[in-house]
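One structure is given here, and the rest of the page talks about it.
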Amino acid sequence: MATLATLTESDVIALSERLGEPAWLLERRLEAYKAFADLPWPDRRVEEWRYTDPARFDLTRPVLEPPAAAPLASAPAPRAEGVVAAVRDRVAAHVALTGAAAAATVTPAAAAAGVVATSLSAAAHDHEAAVRDALGAAVGAERKFDAANLAAFTAGAFVHVPADVELADPIAVTVAVTADGTALPRVLVVLGAHARAQVYVDHHGPDSASSAGEAGAATVVEVVEAVLGEGARLDLVTAQDWGTRVDHVGAHKGWVGANAVHHHLEVTTGGRTVYLTPDVRLAQPGAAADLLGVYLTGAGQQVEHRSLIHHDASATTSDTVYKGALAGDGVASWYGNIRIEPHAKATASDETNRNLILSDDARANSIPFLEILCSDVVRCGHHSSVGQLDRLQEFYLTSRGIPPAEARRLLVLGFFAEVVERVDLPGVKDAVLAEVAARIGA
Amino acid sequence: MAELEINDLHVAVEGNEILKGLTLSVPKGETHALMGPNGSGKSTLAYAIAGHPAYEITGGSVRLKGQELAGMSPDQRAQLGLFLAMQYPTEIPGVSMTNFLRTAVQAVRAEDLPVRQFMKELRAEMAQLDMNPDFLQRNVNEGFSGGEKKRFEILQMAMLHPEVAVLDETDSGLDVDALRVVSEGVNRLRGPGLGVLIITHYTRILRYITPDRVHVMVAGRIVESGGPELAERLEAQGYESYRVPAL
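The listed protein sequences derive, respectively, from chains Z and F. Just add 52 to wherever you are in the first sequence, counting from 1, and you've got this note's numbering. Just add 15 to wherever you are in the second sequence, counting from 1, and you've got this note's numbering.
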């Protein structure tokens with residue numbers, strides 16, 4: 053049985069054959085496999101892994117085997133929990149990646165508008181041109197885990213909103229882990245010129261927290277890549293609501309075309325280890341990104357968000373705000389690098405990370421970084437803080453009769469308001485605040 | 016029995032004794048003014064009554080409606096009927112004024128006030144205080160001017176129906192118009208069910224709110240008490256005559 057530690061070229065060939073993929077996709081996988089084989093496994097001595105020990109990812113768990121090629125099943129409605137719950141009854145399309153199996157449903161109205169939501173393996177046949185162009189365009193095979201995913205993704209989702217289509221209802225992608233092992237899910241979202249869409253990516257499993265560590269010891273090596281054509285707008289939420297024995301390394305990246313807007317929210321609440329690179333490449337003039345994040349850590353959890361905000365064209369703008377609340381002995385790290393290329397003139401960018409420490413044992417690392425290679429910059433700022441609840445604010449609230457626990461709840465929810473108020477995705481704000489309230493025990 | 020009864024109160028901040036045996040009582044329905052120069056311990060008294068964690072009661076007692084406040088948490092004191100209008104109200108980003116007020120009203124007022132009734136009452140009180148309804152969209156004290164913060168304190172006092180209100184330098188930093196609006200707000204709330212202690216450095220606010228009694232505080236103790244005429248004398252003579260000779 054294949055594992056990441058022992059992955060061979062023939063494992064990749066067998067996987068692609070099992071999924072019934074066309075030859076061109078196998079070629080892509082094998083290219084990525086070569087990169088994978090050439091790259092060393094990261095260790096803590098490299099800067100990118102200073103704060104999260106790569107040894108936390110068990111590479112010996114067997115790679116989940118996808119079911120042999122069969123007609124794509126219909127996806128059920130998204131689950132009634134998490135960020136997607138409020139919109140589950142009105143999604144335009146849903147792709148469900150469960151373990152290594154894929155299922156997809158598109159409403160007739162969305163299909164009539166040309167919206168595609170299907171498995172990557174099926175799309176490689178039916179929408180070859182679009183998939184060829186976009187697959188790996190945002191997240192390639194430059195890093196070990198990214199290369200592993202491109203070579204050996206076990207289940208994939210392909211979402212395409214054609215040019216000029218403005219989708220009113222959201223698209224959901226569910227990535228569920230239901231069994232022990234290694235899952236390599238991949239999500240590819242493509243928006244044509246001037247298309248608009250809201251995409252909810254819901255990572256979860258195993259669902260029963262009550263399994264108390266009995267099931268769901270999983271390694272997840274995952275990619276969400278989004279490619280935005282000229283003038284497109286994507287509102288994307290990627291939520292990590294894993295069980296307590298899931299270790300997740302993921303690349304979430306937008307490739308943003310001219311005057312397009314990539315609005316991305318990370319919500320990381322679960323998992324034993326979560327290491328994410330929520331990157332964006334502002335590839336063409338006028339591209340804009342809002343990178344937002346909310347994270348909660350508790351006992352035994354280690355979470356890292358490491359963003360490259362890449363200004364690779366003129367007049368591009370970005371605004372990054374990540375906020376986390378840390379309890380128990382949780383460790384959260386944030387690293388944000390705004391890189392402005394020499395040819396990227398007149399850019400505006402700002403990054404903020406704030407951490408609220410709620411216990412004696414929690415720890416936060418907060419590292420804003422700027423790599424400004426261009427002298428013509430309109431604005432570039434960074435802000436970072438690690439602190440506790442403000443005692444004066446707590447006194448003010450309690451002096452009005454509000455009990456201490458309720459006062460702390462108001463303050464923690466208020467701490468996150470700066471991020472969630474900026475989220476346009478229906479239901480997400482309430483879901484995030486409810487999760488925050490539940491986690492701080494109020 | 017006085018609503019607020021302070022007896023030989025000693026309070027220390029970071030080990031330094033600021034109040035050194037202060038005795039004062041405010042009977043039900045009365046409005047008292049507590050005046051004194053800077054550094055006499057006026058704000059210390061306000062915070063100690065409200066239960067600020069940095070202010071330690073080291074001796075004596077503070078009773079509200081006969082119950083000892085020392086040992087009670089700030090929220091318990093407020094639930095018992097105490098309100099402190101602060102000199103420097105705290106900004107709380109991310110917490111909306113409406114949410115805050117509703118939470119506080121629910122915690123303090125025994126009745127179960129339906130949202131619609133709450134909003135109606137809130138709008139009415141805001142109108143009385145010349146507050147723009149846009150305030151409802153804002154966060155607690157965030158970006159408020161000095162005058163707006165003081166109006167908001169009085170709005171809270173109106174909504175929380177306290178039995179004893181301590182106003183700590185509510186007049187400071189207010190222009191004449193704001194002072195008038197705030198004073199009218201306090202006057203409207205005065206009545207047989209409310210005892211008020213106005214802490215102030217200046218007599219200005221006492222032109223709008225006539226106190227039943229005036230107390231002068233110097234170096235952590237009350238040095239003189241009298242009727243409203245005492246405030247007028249202070250206006251003319253200042254605190255010079257109370258100056259404690261340097262040791």
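A virtual CB, placed ideally from N, CA and C, is assigned to each residue, including glycine.
Taking CB atoms only, residue 119 of chain F has a neighbour in chain Z less than 8 Å away. For residue 107 of chain F, the chain Z residues whose C-beta falls within less than 9 Å of its own C-beta are 442, 445, 448, 449, 462, 463, 466, listed in chain order. Collapsing the DSSP output to three states places residue 133 of chain F in a helix. Less than 8 Å separates the beta-carbon of residue 428 of chain Z from that of residue 398 of chain Z. Neighbours of residue 175 of chain F across chain Z, judged by C-beta separation under 8 Å: 452, 453. The continuous beta strand (DSSP E) containing residue 23 of chain F extends over residues 19-28. Below the 8 Å Cβ cutoff, chain F contributes 118, 122 as neighbours of residue 458 of chain Z, in chain order.
Between residue 134 of chain F and residue 159 of chain F, the alpha-carbon positions lie close to 21 Å from each other.
Look at the segment 340-387 of chain Z and you find these whole runs of beta strand (DSSP E), each 3 residues long or longer: 340-349, 354-363, 369-378.
Of all residues in the segment 56-83 of chain Z, none is placed with a Cβ closer than 8 Å to any Cβ belonging to chain F. Straight-line spacing of the CA atoms in residue 463 of chain Z and residue 328 of chain Z works out to 27 Å.
Taking 8 Å as the CB threshold, residue 110 of chain F lines the interface with chain Z. Beta-bridge annotation (DSSP): residue 147 of chain Z is paired with Z:156, Z:225. Counting the other Cβ atoms within 10 Å of the Cβ of residue 86 of chain Z gives fewer than 16, which makes it exposed. With fewer than 16 other beta carbons inside 10 angstroms of its own, residue 190 of chain F counts as exposed. In chain order, 191, 201, 238, 303 place their CB closer than 6 Å to the CB of residue 275 of chain Z, counting only its own chain and leaving out the 5 sequence neighbours on each side. Residues of chain Z with a Cβ closer than 7 Å to the Cβ of residue 67 of chain F are, in chain order, 447. Taking C-alpha positions only, residue 18 of chain F is separated from residue 251 of chain Z by approximately 60 Å. Contact between the segment 66-73 of chain F and the segment 83-103 of chain F is present: 3 or more CB-CB pairs across the two stretches fall below 8 Å. Listed along chain Z are 452, each with a C-beta nearer than 7 Å to that of residue 171 of chain F.
Annotated three-state conformation of residue 336 of chain Z is coil, per DSSP.
A residue is called buried when at least 16 other Cβ atoms come within 10 angstroms of its Cβ; residue 73 of chain F does not meet this threshold and is exposed. In this structure, the CA atom of residue 138 of chain Z is about 56 Å from the CA atom of residue 221 of chain F. Neighbourhood of residue 90 of chain F in chain Z, by CB distance below 7 Å: 450, 453, 454, 455, 456, in chain order. Under the three-state reduction of DSSP output, residue 47 of chain F falls in the strand class. Annotation: residue 344 of chain Z to residue 318 of chain Z spans about 6 Å, alpha carbon to alpha carbon. The beta-carbon of residue 115 of chain F is placed less than 8 Å from the nearest beta-carbon of chain Z. The continuous beta strand (DSSP E) containing residue 404 of chain Z extends over residues 399-409. Against chain Z, the beta carbon of residue 94 of chain F has neighbours under 8 Å at 453, listed in chain order. Contact between the segment 180-200 of chain F and the segment 478-490 of chain Z is absent, with fewer than three C-beta pairs closer than 8 Å. In this structure, residue 334 of chain Z sits away from residue 316 of chain Z, with a CB-CB distance that is not shorter than 8 Å.
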